[in-house]
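Chemist:
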Amino acid sequence: MIQRVVFVTPVFPSFTGNGLAMRSAAVLKLLSRWAKVDLLVIPIYNARSTEPDSEVVKLCQSWKTVPNPDWNNFDLPSLDVVKIVGDEKNIPREWRWCSSLWRQKIKKAIHSLNPDLVFVFRFYLAPYVLPNIGALPCWLDLDELESSSRARLARVYSLCEKKELAREMELEAQGYAKLESQYLGRFNRIFASSKREVEGIYSRFKKASVRVLPNSYPKSLPHPQRTATGSARLLFVGSLGYFPNEDAVKYFNREIFPLIKERCSVPVELVVVGGGWKQVLDPRGVEMLYEGVKFVGEVEETTPFYAETDIVVVPLRSAGGTRIKILEAFSHSRAVVSTSIGAEGLDLLDGVHLEIADRVEDFTDKVIALIENADRRTSLAKKGHELFKTQYLMKNLELHVPQYFG
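For the sequence shown, our numbering assigns the number -5 to the initial residue and increments by one for each residue that follows.
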């Protein structure tokens, strides 16, 4: 019987953070309804947080972070890994960072907790955990196939003429595809965020034990539609420190937003909520290059911005997993226009719960049509919110904990 679980994650779980942190928090909360959970954070990227939110702490028996003891100390990749990927240059960066000294500290931290099960959040933590747990059962929340997401990133980097980054992502995608084929079978159970990801896992390892663990959002916060003001406000939520978001904003501003402003019968403003914009955009040129765009930066609470918007736009051209920000928009009862990639992994109907458009002209037309038809906006927002409440509201997923983990 499973009584104690170590939940190993590369980020501090947070119900108000980015998509990765929010997914991590949601999985942690569901696990805590099933067993006693110890949180172990392995910050393989530069973590801005140094401790979990108080709401997350309440879900855990204990929490600990195990940072890299020496970022200047890298071992040569193991012969096993080199043999699998075929060439050292195909080894993904996360696997290169995994030094023997770091693994030793992680092993000590895991075994000090005496768990019955280790639950790993994201596949790129596999080399940090699998060699350290002996015969302990190990589950994996994959969320998305790294090979697929990096292949998409490579294509978008190529579209943006970032050739070196495109090539780097291509090599990582090839490496991850081979590592997934060899390592997915070492996990006793795998969770993915959507049926599409489950199919991708089976394509890598047909004998895998896989279950869908949907994404969720913790609150239902419906707001009445914005009072007519003679203008329209669009909203994009996401950190521009994440390249797919940076690309989405630049693509929308360059290709779509000028057409909307030109053709729409009322003035239109785009509000971008999320950190990182000053690092990827020249603040001195924002007013000239992003006319009609307001960059807010990182905020503690997004609800006021949803309350003051008419339409949420999700013009993503690359990403993976499922889009928690669409769920956030639905929770606030707001109409959404998204690309197919932006809405992937969610059980949505185009034209019923949101509008989907992949071509510039189609995206433009659908945004303008919603701006000029308040009844249509209200209908989409209502149906999106109803779907959210039945399928993606956290408290409803908690009812199925035995089904997920039993």
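From the three backbone atoms N, C-alpha and C, an ideal C-beta is built for every residue, glycine too.
Values in this document were obtained by computation on a predicted structure and should not be read as measured data.
If you run the structure through DSSP and keep just helix, strand and coil, what is V150?
Modeler: Helix at V150.
Chemist: For L153 and A160, what's the separation of their Cα atoms in angstroms?
Modeler: Answer to the nearest angstrom: the Cα atoms are 9 Å apart.
Chemist: Where does S312 sit, in a helix, a strand or coil, going by DSSP?
Modeler: Reduced to three states, the DSSP call for S312 is coil.
Chemist: For the beta strand (DSSP E) that P329 lies in, which residues bound it at each end?
Modeler: Position check: residue 329 holds Ala in this sequence, whereas Pro was assumed. That run of the beta strand (DSSP E) goes 329 to 332.
Chemist: Just to confirm before moving on: does the CB-CB distance between V395 and W28 stay below 8 Å?
Modeler: In this structure, W28 lies closer than 8 Å to V395 by Cβ.
Chemist: Please determine, among T44, I365, V123, S373, the residue with the shortest C-alpha to C-alpha distance to T223.
Modeler: T223 has its Cα closest to that of I365, out of T44, I365, V123, S373.
Chemist: Quick check: what's the CA-CA separation for G315 versus S334?
Modeler: Residue confidence is low: G315 scores 48 on pLDDT, short of 50, so the model does not pin down where it sits. Its coordinate-derived value is still stated next. One C-alpha to the other measures close to 13 Å.
Chemist: If you follow the beta strand (DSSP E) that T223 is part of, which residue opens it and which one closes it?
Modeler: Run containing T223: none; DSSP gives neither H nor E here.
Chemist: Cα separation between G269 and K288?
Modeler: C-alpha separation (whole angstroms): 13 Å.
Chemist: Can you give the Cα-Cα distance for V308 and V206, rounded to whole angstroms?
Modeler: About 24 Å.
Chemist: What beta strand (DSSP E) runs, 3 residues minimum, are completely inside the segment 108 to 173?
Modeler: Segments of the beta strand (DSSP E) lying fully in the segment 108 to 173: 111 to 115, 132 to 137.
Chemist: Nearest CA to the CA of V35: which residue from I362, F115, F181?
Modeler: Closest option to V35, Cα to Cα, is F115.
Chemist: Put R180 into one of helix, strand or coil per three-state DSSP.
Modeler: DSSP places R180 in helix when its eight states are reduced to three.
Chemist: Using 10 angstroms around the beta-carbon of R317, count the other beta-carbons present and answer buried if the total reaches 16, otherwise exposed.
Modeler: It counts as buried.
Chemist: Would S312 and D359 qualify as a contact pair, given that the criterion is a beta-carbon distance under 8 Å?
Modeler: The answer is no: Cβ separation not under 8 Å.
Chemist: Could you work out which residue in E263, R90, V290, V260 is closest to K272 when comparing CA atoms only?
Modeler: Closest by alpha carbon: V290.
Chemist: Can you tell me whether K377 is buried or exposed? The criterion is at least 16 other CB atoms within 10 Å of its CB, across all chains shown.
Modeler: By the 10 Å Cβ count, K377 comes out buried.
Chemist: May I ask which residues mark the beginning and end of the alpha helix (DSSP H) holding W57?
Modeler: No alpha helix (DSSP H) contains W57, which is instead part of the beta strand (DSSP E) from 56 to 59.
Chemist: Can you tell me the Cα-Cα spacing of E155 and E249, whole angstroms?
Modeler: In a straight line, the C-alpha of E155 is about 16 Å away from that of E249.
Chemist: Taking all protein chains shown into account, do 16 or more other C-beta atoms lie within 10 angstroms of the C-beta of E302, making it buried, or fewer, making it exposed?
Modeler: So E302 counts as exposed.
Chemist: Taking buried to mean at least 16 other C-beta atoms within 10 Å of its own C-beta, is E166 buried or exposed?
Modeler: Buried, because 16 or more other Cβ atoms sit within 10 Å of the Cβ of E166.
Chemist: What residue ranges within the segment 6 to 93 form continuous alpha helix (DSSP H) runs of no fewer than 4 residues, ordered along the chain?
Modeler: Whole alpha helix (DSSP H) segments, 4+ residues: 13 to 26, 48 to 51, 73 to 79, 87 to 90.
Chemist: Can you check the segment 199 to 279 for any beta strand (DSSP E) of at least 3 residues that lies completely inside it and give the ranges in chain order?
Modeler: Within the segment 199 to 279, the complete beta strand (DSSP E) runs of at least 3 residues are 204 to 206, 226 to 231, 262 to 267.
Chemist: Please go through the same chain and pick out, in chain order, the residues whose beta-carbon is closer than 8 Å to the beta-carbon of Q(-3), but skip the five residues on each side of it.
Modeler: So the list reads A29, K30, D110, once near-sequence residues are dropped.
Chemist: Could you give the residue range of the beta strand (DSSP E) that holds G378?
Modeler: Premise fails: G378 lies in the alpha helix (DSSP H), 368 to 385, not in any beta strand (DSSP E).
Chemist: Leaving aside the five residues before and after G13 along the sequence, list all residues of the same chain whose C-beta is less than 6 Å from its C-beta, in chain order.
Modeler: Only I318 meet the Cβ criterion.
Chemist: If you follow the alpha helix (DSSP H) that T414 is in, where does it begin and where does it stop?
Modeler: A query on residue 414 cannot be resolved here, the shown segment of the chain reaching from -5 to 400 and no further.
Chemist: Is the beta carbon of F299 sitting closer than 8 Å to the one on L374?
Modeler: It is not a contact, given that the beta carbons lie outside the stated cut-off.
Chemist: Spatial neighbours of E392 within its chain, please: CB distance less than 8 Å, with the 5 preceding and 5 following residues excluded, ordered by chain position.
Modeler: So the qualifying residues of the chain are K23, L24, R27.
Chemist: Can you grab the Cα-Cα spacing for the pair L173 / I78, in whole Å?
Modeler: Approximately 7 Å between the Cα atoms of the pair.
Chemist: For N67, which residues in the same chain have their Cβ closer than 7 Å to its Cβ, ignoring the five residues on either side in sequence?
Modeler: Taken in chain order, the residues that qualify are S93, L95.
Chemist: Relative to the C-alpha of F199, which residue among R190, S175, S187, T221 is closest?
Modeler: The residue with the shortest Cα to Cα distance from F199 is S175.
Chemist: Comparing alpha-carbon positions, which option in E295, F113, K255 lies nearest V267?
Modeler: Residue E295 is the option with its Cα nearest to V267.
Chemist: Taking the beta carbon of M(-5) as the centre, do at least 16 other beta carbons fall within 10 Å, making it buried, or is it exposed?
Modeler: Per the 10 Å Cβ criterion, exposed.
Chemist: Classify G80 as buried or exposed, calling it buried when 16 or more other Cβ atoms lie within 10 Å of its own Cβ.
Modeler: G80 should be labelled exposed.
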